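Asker: So that we are looking at the same thing, I have put the structure below in structure tokens.
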Amino acid sequence: VAISVTPLKVRNWILPNMPGLITDFLISLDDRFLYFSNWLHGDVRQYNIEDPSKPVLTGQLWVGGLIQKGSQIVAVSEDGVESQFDVPEVK
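Quick note: the sequence shown uses my numbering, first residue 186, plus one each step.
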């Protein structure tokens with residue numbers, strides 16, 4: 186299985202593009218799913234890896250990172266729209 190994270194175009198960061206930084210990963214006990222933490226972007230992803238040559242993104246949750254609401258860093262889409270990600274509050 187080979188998975189890469191597409192860099193995000195950003196503003197107010199040290200580089201114009203923020204790469205993905207995979208820090209932790211886990212394969213489910215039934216070998217169907219791969220989970221990983223994409224630390225800089227701030228999301229956790231789930232991929233279906235039943236066909237290892239064609240992993241499919243099946244889930245994504247924003248839990249922090251550098252592009253969250255309230256941060257100075259913003260993501261910039263292809264059409265120039267700026268955005269930041271909502272992060273759930275754990276109580």
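Even for Gly, the Cβ is constructed at its ideal location relative to N, Cα and C.
These figures come from a predicted structure and were not determined experimentally.
What is the DSSP secondary structure of Leu268, counted as helix, strand or coil?
Answerer: The identity of residue 268 in the sequence shown is Ser, whereas the question assumes Leu. Looking at Ser268 - three-state DSSP - the assignment turns out to be strand.
Asker: Which residue or residues does DSSP assign as beta-bridge partners of Ala260?
Answerer: Its beta-bridge partners are Val195 and Ser268.
Asker: Could you have a look at Lys217 and say whether DSSP puts it in helix, strand or coil?
Answerer: Before going further, note that residue 217 is Arg rather than Lys in the sequence given. Looking at Arg217 - three-state DSSP - the assignment turns out to be coil, as it is neither helix nor strand.
Asker: With distance defined between alpha-carbon atoms, name the residue in Ala187, Leu211, Lys194 and Val261 nearest to Pro204.
Answerer: Among Ala187, Leu211, Lys194 and Val261, the Cα nearest to that of Pro204 belongs to Lys194.
Asker: If you compare alpha carbons, which of Lys254, Leu219, Gly227 and Ala260 is closest to Pro240?
Answerer: Nearest option by C-alpha distance: Leu219.
Asker: Excluding sequence positions up to five away, which residues of its chain have a Cβ less than 7 Å from the Cβ of Glu235?
Answerer: Excluding positions up to five away in sequence, the list reads Arg217.
Asker: Does DSSP classify Val241 as helix, strand or coil?
Answerer: Looking at Val241 - three-state DSSP - the assignment turns out to be strand.
Asker: Rank Leu242, Val186 and Gly249 by C-alpha distance to the C-alpha of Glu274 and give the top, closest one.
Answerer: Considering only alpha carbons, the answer is Gly249.
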